[in-house]
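Chemist:
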Amino acid sequence: MSVLSLALIAPLASAALTDPADPTPAPKADHVTDTSQLPSGWQKSGDRIVTYDGDGTGLHVLVADAADAYKWHTAATLSEPGIDTDQWIGQTCVTGSGDRAVVVYAPRQAVNDQQGFQQGAFAAVVDLADGTVTKLPELVSLAYFNPGCGDGEQAVLTRPQGSGTQLLTVDARKGQLVRQQTVAGQLTSAVPFGDRIAAALGDSVVSVDAKGATSTLARTGGTPFRLVPDAHSGLAYQVPAGKKVQVRRVTSTGSDRLLGTGALGALAVHGNGGRVFVTGTDAEDAVKTLPRSWRTLDVPAAAEVSTTGGLALTSVGNGIEAAGGRKAAPDIAQPVGIGAVLPGSDSTVDFTVKPKISRKSQGAEQSPALSDGVHTDSVTPADDDPSTSTTDPDRACAVTRNDPKLQSLQPSAAQVEWATDLAVQGKLDVRRRSGWNGSELPSYTPQGLFPSTALKGGGRVPAQIMLGVLSQESNLLQASSRAAAGESGNFIQGGYYGNAGSVHTVNWAAADCGYGIAQVTSGMAKADTTYTAEQQQAITVDYAANIAAGLQILQDKWNQLYDKGLLVNGGDPKYLENWWLALWAYNSGFNLPSSTDASAPWGLGWFNNPANGLYPADRKMFLSSGYDDARNPNLWTYPERVLGWAAYSQQKTDPATGATVRAFTVGDWPAGAPAAEPAHDVFCEPTVNDCDISKPHKVEGSSQPEGPCQRDDFKCWWNQPVSWTDCTATCGTEVLKYAVTDPEPKVAAPHPAACASTLPANALIVDDVPNTVKFRVGSANPCAGERNWISRGTLTFTFGSAQQNGATVYPSKIDFHQLGAGFGGHFWLTHTRVPSYTDSVVTGTWTPDRKVLGSAEVLVHLPDHEANTPSAKYRIDLGDGTVVEKTISQDTGGKNAWVSLGSYEFKGTPSVSLGSATADGTGDASIAWDALAFVPQQK
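Per our numbering, numbering through the sequence shown is continuous, rising by one, with the last residue being 948.
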């Protein structure tokens, strides 16, 4: 359930959309059109606002300057080649000069994996003036406080390192890491502070010198967070105190002062370049005495503030962060809606920004944090030659990618909810006929292969819990996000190649075999015999079977915890909150008691404990403030995210009205979902798991300083029943949409296949797959009665390779894909790269099964999507060794079309080759292989 892995402020309170059934009209301007709203002298103001938003094309760093009436532009778009994701996430901080941003970014799936979250995010420095991107050579944490900027041009990045924390100091002006230190304990909210680093460590604000030695600046009654240096050797910070939060200031000499108190979540400190802003609608009353360079702003506490406080953003989003079944074109940046207020006035401003991705930018180049990797010996290859097979004979996972007979059908949101509703009732017994979706599977039913497991103690899994899991694991996707609902493609996968995000690395020993909508991992390794081959293939191709298997895993987690007495609020499974511990175990596992040491820790791991300092202390329930929360899912633990989806749903576009609506039915809460959430310290008890938020203390004999988790090894594992609410009064319950007798919903693919040939009857067609491949959409044959041709030849491939640790591997397959569309219902694609990337190059060659003598026209079929390179160079062998080249654009304007490559005199068995290496290849433009035809010319 992973990929690779890490925020600066608490989630924005959405001013745009708190009820997904109430669409907000999109604003039109990318700047302030009524400049009378701006303060006098705005034309000479140095104020700058920097924000970010992500989609499938990357994390967009967006900038607007007051002197340009806050006209937005894209400074950079950050992504990594070869990572298949529907959304990039991350966060930024701005250096003291306002000239540079330090950015942490990762694919959305990283938050589902502890290793990915803590040590798998990329980092970069972006020059906000010219867009220059300098990627940094280390992977870091996705925690909400990363990165942390100071009042100058330095920033600090963090990541866990064993029982300590590694601090990486960045000189943004040089674009270099200038210092690396490892400090004992869990440090959070680290920022440059003078010539040192300030950070939170347990119940203290500490200073770290150049040698890594720590000294205490202030002791507090809770864990400090959100540290901001000011211009006068002071440090602003916040401390939670029950349901309150304190705003404090400590100096470099250790003089600490309380400046104000407010409700937790009602106040926040922000800053840039030595300026500190205290935000909150009651900030002025709460913090009456302000140090120099401090200001209060009457704006929502979680607003993003510009460098001098002239503009505050209250909402940022593109509308697809929680899109679920909605399909956004993966190569097209999505418009971003931004809501803002002008502090000190009643004026609000709405913007729409269309991110523009510069093809000259280094934002899409591979990060130096991804080396060529270490490849351990492969699984013993099958008979297929991996250099020419589209599949991966040397893989570590059970089911290969790029097998035309094992494509995953992308479900609609309605189909997902239908399958979930029936599965939790134990009635997902729809009959899949033999050969379903073009596979070679025999007939089966999803819960015939994966029967529902009875819960110990009675009851069943609520539908909204399972829908929340599917939302978090895969965004409701069974297939790659390249496939629209009703279309087939490769299964959505996490770490299939074990490449940790590198498009140049294959490491089968590190493969994570998560498959499909529930990211089923257990039993999906090639060497694992938990499932039969039939079950493994059904998990891959069929979303309903995948949901049934994922439900089994969740049921097993409940039963495992039940056996150990780990129940929530009395343990009635009909209440959604009572699945908290099972969700915790579903994501990060359950550590069994030691059979030899009764005193050894056991239970649920520290990573998903809400008390963990990786998550902001003043966060509200996930999505309760609006869908902007989906920009930064890393601010919440896994159970919090699942319950948020269960309460607020994903989003989709109603095809009839175009309105944004809920993707699935939400649960029912008597007093609203936030009322049933546990406090963040519920799973933090000194006598249970060596955890204490209110009075952190040092464990006797431990070398770790004070902190919520008192253990050097962070094994503050929870292993007791817990109760925090009366579920009859507050907890959520299930709402079913579908009855067990309801049929499977239908879906119409937006890219219908071109089934029939429109070429002359004598055309010699060479398809991209053999005639034995059957095009099916579920049980249906969309081409029934229309196919009037057969393929007379073959399309063969050669794949770019690399030598890694003495073994030959094929990184070119990482970004190689198939889709169930185009001519005959199938085509292949990858993305163009410059020829020097030899390990990324794919070459396909069409060869007919007979000679062609005399004049013939060559036509290539181009699909209506996922083919847009302007530089497709075809090499046409005339049959006698003579080669002619023809370069065309593959962009057909969204139509399935035959495009002529010209007419030639052939003198034998011809062939036509197309490679993905182009002079303008940046990894962005897609290049496709579909059918090709030779049409003899009449003399």
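Even for Gly, the Cβ is constructed at its ideal location relative to N, Cα and C.
Measuring CA to CA, which of T42, G67, A38 and A78 is closest to S54?
Modeler: Nearest option by C-alpha distance: A78.
Chemist: Any idea if S925 is buried or exposed, counting beta-carbon neighbours within 10 angstroms, 16 or more meaning buried?
Modeler: The residue is buried, with at least 16 neighbouring Cβ atoms inside 10 Å.
Chemist: For the region 241 to 258 against the region 297 to 305, are there 3 or more C-beta pairs whose distance is under 8 Å?
Modeler: Output reads yes: the region 297 to 305 touches the region 241 to 258.
Chemist: At which residues does the alpha helix (DSSP H) containing Y552 begin and terminate?
Modeler: Where Y552 is concerned, the enclosing alpha helix (DSSP H) stretches over Y552 to D572.
Chemist: The beta strand (DSSP E) that contains Q100, what's its start and end?
Modeler: Its beta strand (DSSP E) spans residues W97 to V103.
Chemist: Does the region 411 to 422 come close enough to the region 822 to 842 to have 3 or more Cβ pairs within less than 8 Å?
Modeler: Because the criterion of three Cβ pairs below 8 Å is met, the region 411 to 422 and the region 822 to 842 touch.
Chemist: Taking the continuous alpha helix (DSSP H) assigned at D722, which residues delimit it?
Modeler: Taken as a continuous stretch (DSSP letters only), D722 belongs to no alpha helix (DSSP H), as it is neither H nor E.
Chemist: List the DSSP bridge partners of Y453.
Modeler: According to DSSP, which records beta bridges pairwise, Y453 is partnered with R441.
Chemist: A35: buried (16+ other C-beta within 10 angstroms of its C-beta) or exposed?
Modeler: A caution first: A35 carries a pLDDT of 47, below 50, which makes its placement in the model too unreliable to give a value.
Chemist: Kindly give me the distance between the Cβ atoms of C718 and W615, rounded to whole angstroms, as I take these residues to be in contact under 8 Å.
Modeler: About 6 Å; that satisfies the 8 Å criterion.
Chemist: Which residue spans inside the region 342 to 382 form an unbroken beta strand (DSSP E) run of at least 3?
Modeler: If we require 3 residues or more, the beta strand (DSSP E) runs fully inside the region 342 to 382 come out as 345 to 350 and 357 to 362.
Chemist: Could you tell me the alpha carbon to alpha carbon distance between V287 and P309, rounded to whole angstroms?
Modeler: If I take the Cα positions, the gap works out to 10 Å.
Chemist: Please state whether DSSP places L21 in a helix, a strand or coil.
Modeler: Since pLDDT at L21 reaches only 38, below the 50 mark, its modelled position is unreliable, and the value read off the structure follows with that caveat. In this structure, L21 counts as coil in the three-state DSSP scheme.
Chemist: Applying the 10 Å Cβ sphere with the 16-neighbour rule, what's the burial state of E449?
Modeler: Per the 10 Å Cβ criterion, exposed.
Chemist: Looking at the C-beta of A73, does it have a partner C-beta in chain D at a distance below 7 Å?
Modeler: Going by chain labels, chain D is absent from the structure shown, which holds only one protein chain.
Chemist: Suppose you measure from the CA of L576 to the CA of G318; what does that come to, to the nearest Å?
Modeler: Using only the alpha carbons, I get a separation of about 48 Å.
Chemist: Could you round the C-beta distance between A557 and A432 to whole angstroms and report it? I think they count as a contact, below 8 Å.
Modeler: About 5 Å separates the two Cβ atoms, so the contact holds.
Chemist: Alpha carbon to alpha carbon, how far is T197 from A906? Give it in angstroms, no decimals.
Modeler: If I take the Cα positions, the gap works out to 56 Å.
Chemist: Considering only C-alpha positions, which residue in the set F832, F943, E649 and D394 is nearest to A770?
Modeler: Checking every option, the nearest Cα to that of A770 belongs to F943.
Chemist: Taking the alpha-carbon positions, what's the G4 to W97 distance?
Modeler: Residue 4 lies beyond the stretch modelled for the chain, which goes from 10 to 948, so this question has no answer here.
Chemist: Does the Cβ-Cβ distance between A378 and L87 come in under 7 Å?
Modeler: Cβ distance not < 7 Å, so A378 and L87 don't count as in contact.
Chemist: Using only CA atoms, which one of G834, Y846, V515 and P844 lies nearest to L871?
Modeler: It is G834 whose Cα lies nearest to the Cα of L871.
Chemist: Based on the DSSP secondary-structure assignment, which residues constitute the bridge partners of N281?
Modeler: Paired residues: R284.
Chemist: Just to confirm the assignment: which complete beta strand (DSSP E) runs, minimum length 3, are found wholly within the region 206 to 281?
Modeler: Correct list: 213 to 217, 223 to 228, 234 to 238, 243 to 250, 253 to 260, 265 to 272 and 277 to 281.
Chemist: Near W427, what residues of its chain come up, given a Cβ to Cβ distance below 7 Å and the 5 sequence neighbours on each side ignored?
Modeler: So the list reads Y747, D751, E753 and P754, once near-sequence residues are dropped.
Chemist: Select from D359, S354, D355 and G289 the residue whose C-alpha is nearest the C-alpha of G346.
Modeler: It is D359.
Chemist: Assuming A84 contacts A110 under a Cβ cut-off of 8 Å, what Cβ separation, rounded to an integer in Å, is found between them?
Modeler: Yes, A84 and A110 are in contact; Cβ-Cβ is about 7 Å, under 8 Å.
Chemist: Check this for me: beta carbons of Q899 and A928, under 7 Å apart or not?
Modeler: Contact flag unset, no.
Chemist: Does T918 come out as helix, strand or coil in the three-state DSSP assignment?
Modeler: T918 falls in the coil class under three-state DSSP.
Chemist: From the DSSP output, read off the bridge partner residues of R304.
Modeler: Paired residue(s): F286.
Chemist: A407 to A542, Cα distance in whole Å?
Modeler: Spanning the two alpha carbons is a distance of roughly 8 Å.
Chemist: Could you please give the first and the last residue of the uninterrupted alpha helix (DSSP H) stretch that includes T429?
Modeler: Run containing T429: A422 to V433, per the alpha helix (DSSP H) assignment.
Chemist: Go ahead and label V187 buried or exposed: buried means 16 or more other beta carbons lie within 10 angstroms of its beta carbon, across all protein chains shown.
Modeler: By the neighbour-count rule (16 or more Cβ atoms within 10 Å), V187 is not buried but exposed.
Chemist: Around the C-beta of D858, are 16 or more other C-beta atoms found within 10 angstroms, so that it is buried, or is it exposed?
Modeler: Result: exposed.
Chemist: In whole angstroms, what is the alpha-carbon distance linking W938 and L804?
Modeler: Spanning the two alpha carbons is a distance of roughly 9 Å.
Chemist: Is I92 helix, strand or coil when you go by DSSP?
Modeler: Coil, per DSSP.
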